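Trainee: Residue numbers (our numbering): 1038 to 1292.
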Amino acid sequence: MRLCITTVLMAVVLAFLVLSTFGETGTPIRLADGAGNYGRVEIYYNSEWGTVCDDGWDLNDANVVCRQLGFESARESKTNAFYGLGTGPILLDNVGCVGDETSLSQCSHHGFEVHDCWHGEDAGVVCNGTPIRLADGAEYYGRVEVYYNGQWGTVCDDGWDVNDANVVCRQMGFEFALESKTSAFYGPGTGLILLDDVGCAGSETSLSQCSHPGFGVHNCGHGEDAGVVCNTAEHGHGGRCLSSSCVGRQADVLP
1038 MRLCITTVLM
1048 AVVLAFLVLS
1058 TFGETGTPIR
1068 LADGAGNYGR
1078 VEIYYNSEWG
1088 TVCDDGWDLN
1098 DANVVCRQLG
1108 FESARESKTN
1118 AFYGLGTGPI
1128 LLDNVGCVGD
1138 ETSLSQCSHH
1148 GFEVHDCWHG
1158 EDAGVVCNGT
1168 PIRLADGAEY
1178 YGRVEVYYNG
1188 QWGTVCDDGW
1198 DVNDANVVCR
1208 QMGFEFALES
1218 KTSAFYGPGT
1228 GLILLDDVGC
1238 AGSETSLSQC
1248 SHPGFGVHNC
1258 GHGEDAGVVC
1268 NTAEHGHGGR
1278 CLSSSCVGRQ
1288 ADVLP
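If you want it as structure tokens, here you go:
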């Protein structure tokens, strides 16, 4: 009887730890009251959005936020409610990121909703690069979509190869690409086709840095949407994902 009770208790504790870990890596974030690549940092916890206090807020913290959103890096960290005062709860304070965490919630902090701040101390960021996401796939693969001029759009597969896929995967926080996919392998997207004839050397830090004829310039249909398969520790040669956009593989700038 004691053995059964102990076994049940261990199972409950293990389940709790698994759920807690998933919650940490999967905590959504967004940039509010800014534009596509800058704004006040807000996180989603316990069914509501809240802000982050700027105590100790620096470029390491901003880098984690920006990579989580699918950008290559942060240009600036902002303090003192630079993008205006938020509303609702202040969810994090004294955030201390090393800089290689996969999610802001993985950085050291005092706990959710533990703070000594007011909204005049809300933290913000300015990110570098054009955000990207992988859609209609899983954590490490999907259709490549980029965010430009307030809209998400797809990439045409003309000339799409593993060099292009490598840049996408590294921008998303993976080490490299296992495959480049063509002919709408992950299904046709909707809306705009934003890039065509992309030509990456492979060393670029952002897909938008690769050669292309310009945003919105193409001769394609969505049947030619490009995709990628990225390397992870679980799926291919011991690589690792360095960005929490690995969760659901969608690095949206949330509304």
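A virtual CB, placed ideally from N, CA and C, is assigned to each residue, including glycine. Nothing here was measured: the structure is a model prediction, and the numbers come from that model.
Out of curiosity, what's the CA-to-CA distance linking residue 1092 and residue 1195?
Mentor: Each residue's Cα considered, the two are about 47 Å apart.
Trainee: Does the separation of the CB atoms of residue 1164 and residue 1108 fall below 8 Å?
Mentor: Yes, these two residues count as a Cβ contact at 8 Å.
Trainee: Span of the alpha helix (DSSP H) holding residue 1186?
Mentor: Looking at the DSSP string, residue 1186 is not in any alpha helix (DSSP H), and its letter there is neither H nor E.
Trainee: What are the start and end residues of the alpha helix (DSSP H) that includes residue 1221?
Mentor: First-last for residue 1221: undefined, no H or E at that position.
Trainee: Helix, strand or coil: how does DSSP classify residue 1141 here?
Mentor: In the structure shown, residue 1141 sits in a helix (DSSP, three-state: H, G or I).
Trainee: Please state if the CB of residue 1140 and the CB of residue 1088 are separated by a distance shorter than 8 Å.
Mentor: Cβ distance not < 8 Å, so residue 1088 and residue 1140 don't count as in contact.
Trainee: Helix, strand or coil: how does DSSP classify residue 1087 here?
Mentor: Residue 1087 falls in the strand class under three-state DSSP.
Trainee: Give the secondary structure of residue 1103 by DSSP, where H, G and I count as helix, E and B as strand, and everything else as coil.
Mentor: Helix.
Trainee: Straight-line CA distance for residue 1185 to residue 1147?
Mentor: Each residue's Cα considered, the two are about 36 Å apart.
Trainee: Could you tell me whether the Cβ atoms of residue 1247 and residue 1198 are closer together than 8 Å?
Mentor: The answer is no: Cβ separation not under 8 Å.
Trainee: Would you kindly work out how many angstroms separate the C-alpha atoms of residue 1154 and residue 1128, rounded to a whole number?
Mentor: Between residue 1154 and residue 1128, the C-alpha separation is close to 10 Å.
Trainee: Output yes or no for whether 8 Å exceeds the beta carbon distance between residue 1230 and residue 1193.
Mentor: Yes.
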